[in-house]
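J.: Numbering (my numbering), first residue to last: 19 to 385.
Would you mind keeping the following structure in view while I ask a few things?
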Ligand SMILES: *Cc1c(COP(=O)(O)O)cnc(C)c1O
């Protein structure tokens, strides 16, 4: 069986350190917040080369808190890509703003800057760039658009810890950025977790206030906030795992290169391989191929004990949750591609032989 994800084997590979970190975190008895959370926040900020990191409860909260910290007028328009996890657009609506979906680029499958440009209106106050599948969005162009229009650029980095756009770590490029540490992400906790990062002191302080009941001392509350904090247990686990992140990402990247090399013999209009940027560091959270005959390939993979995923089977504008927006006719590429994409297994739990096996099976499928 070729597993899509194997978090137990990852745990076994660093068991001693993780067990010690867990034991230590329980001994401190500061279960929420505290020194261990501060230690992780500093370490992660340092890794990304950003000034501030604010831990919070999950990646969805991170987006909501980041948006709230910008103090936009209620009902502002925020542009998000039509292919992402629903959290990206959910956070916009939950913060009292209007979601505007932009279509994706057929090559990178990330938000299309051309589509974004056409959607900018007087009410547009921010763009959320999602570094989907681990591939950095077109940050050059998006930065130019947000600068020219004096609006905010938010990065949703939940699938791209450690990815780089032209030498810069993603998360350090926009005004503010968010991460999820959901267990299956490239850097995952043993439960929920997330954070917001920024180079702006003002925004980081605002985020910290919002995430912790608007308090600046124990019972003195400056504003009404919410409860969205990172546990010290999760922070301790993440601190250990962060030491291995680059090693794990290099493994993913080399497996991706192996897939690309092997599958190139069958790649044509019936099988499109993922975009492989030359100037950026794609961290392949997911290895997403496009095929016309998805149902057939899905049952073939199942028969051969190869796990896979679909990210995502319905474009955001086509979800029932967004039928009220009536925007799906503006996102034909995302709508079409959602029916063709399939994510092959990739991760530090696999080795070259596994990728060889999966590739060979896919080559046989096409013959
Ligand atoms: C996982 C994910 C989120 C949400 O993170 P949670 O920690 O599950 O709330 C947001 N955006 C994207 C692109 C994601 O993949």
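Backbone N, C-alpha and C fix where the C-beta goes; we use that ideal spot for every residue, glycine too.
Please classify residue 275 as buried or exposed, where buried requires at least 16 other C-beta atoms within 10 Å of its C-beta.
T.: So residue 275 ends up on the exposed side.
J.: With DSSP run on the structure shown, which of helix, strand or coil describes residue 74?
T.: Strand at residue 74.
J.: Using a 10 Å radius around the Cβ and a threshold of 16 neighbouring Cβ atoms, would you call residue 26 buried or exposed?
T.: By the neighbour-count rule (16 or more Cβ atoms within 10 Å), residue 26 is not buried but exposed.
J.: Would you tell me roughly how many angstroms separate the C-alpha atoms of residue 310 and residue 289, rounded to the nearest one?
T.: Their backbone Cα atoms lie some 7 Å apart in a straight line.
J.: Once you ignore the five residues that flank residue 154 on each side, which residues in its own chain have a CB closer than 6 Å to its CB?
T.: Within the same chain, residue 154 has close Cβ partners 181, 183, 188 and 298.
J.: For residue 58, count neighbouring C-beta atoms within 10 Å of its own C-beta (all shown protein chains included) and say buried if the count is 16 or more, exposed if not.
T.: So residue 58 ends up on the buried side.
J.: Indicate the three-state DSSP secondary structure (helix, strand or coil) for residue 387 in the structure shown.
T.: Outside the shown range of the chain (19 to 385) lies residue 387, about which nothing can therefore be said.
J.: Does DSSP put residue 244 in a helix, a strand or coil?
T.: It is coil, neither helix nor strand.
J.: For residue 12 and residue 179, I'd like the C-alpha separation in whole angstroms.
T.: There is no way to answer for residue 12, as the model of the chain reaches only from 19 to 385.
J.: Rounded to whole angstroms, what is the Cα-Cα separation between residue 381 and residue 324?
T.: One C-alpha to the other measures close to 14 Å.
J.: With a Cβ-Cβ cutoff of 9 Å, do residue 351 and residue 158 count as a contact?
T.: Result no, Cβ atoms of residue 351 and residue 158 do not sit closer than 9 Å.
J.: Does the beta-carbon of residue 77, which I'm using as the reference point, lie nearer than 8 Å to any heavy atom of ligand 1?
T.: At least one heavy atom of ligand 1 is nearer than 8 Å to the Cβ of residue 77, so yes.
J.: So what does residue 173 bridge to, in DSSP terms?
T.: Beta-bridge pairing links residue 173 to 147 and 195.
J.: Shorter than 8 Å, the distance from the beta carbon of residue 203 to the closest heavy atom of ligand 1, or not?
T.: Checking every heavy atom of ligand 1 against the Cβ of residue 203, one is found closer than 8 Å.
J.: Which residue wins for smallest C-alpha separation from residue 108, given the options 343, 208 and 235?
T.: Closest option to residue 108, Cα to Cα, is 343.
J.: If distances are taken between C-alpha atoms only, which option among 266, 196, 285 and 200 comes closest to residue 66?
T.: Residue 66 has its Cα closest to that of 196, out of 266, 196, 285 and 200.
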